[in-house]
Amino acid sequence: ICPGYGLALLHLEYFVANLIWYFEWTAMDGNDIDLSEKQEFTICMKNPLSAYISPRVNTF
Numbered sequence: 001i002c003p004g005y006g007l008a009l010l011h012l013e014y015f016v017a018n019l020i021w022y023f024e025w026t027a028m029d030g031n032d033i034d035l036s037e038k039q040e041f042t043i044c045m046k047n048p049l050s051a052y053i054s055p056r057v058n059t060f
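Heads up, the sequence shown is in the working numbering, so the first residue is 1 and it goes up one at a time.
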């Protein structure tokens with residue numbers, strides 16, 4: 001295993017958290033986002049993620 005694996009995971013978690021925090025996510029078709037899975041070599045989304053993202057407006 002790579003010696004930087006743990007550090008890379010920390011940075012990945014921080015990156016994803018910032019994407020969720022700083023952007024408003026909505027489905028492209030107005031419905032809920034489908035999070036169902038399908039089995040391939042690994043588990044992946046059954047339907048690709050299609051979403052609009054827009055910057056959040058800070059109210060504080």
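Where is the CB? At the ideal position from N, CA and C, for every residue including glycine.
With a contact defined as Cβ atoms closer than 8 Å, Asn47 and Asp34 qualify at about 5 Å.
A Cβ-Cβ separation of about 20 Å leaves Glu37 out of contact with Met28 under the 8 Å criterion. Close CB contacts of Ala51 within its chain, under the 7 Å cut and outside five residues either way in sequence, are with Trp25, Thr26, Ala27, Met28, Ile33 (chain order). In the structure shown, Ile33 falls within a coil segment according to DSSP collapsed to helix, strand and coil.
Between Ile53 and Phe15 the beta-carbon gap is near 14 Å, outside 8 Å, which marks them as no contact.
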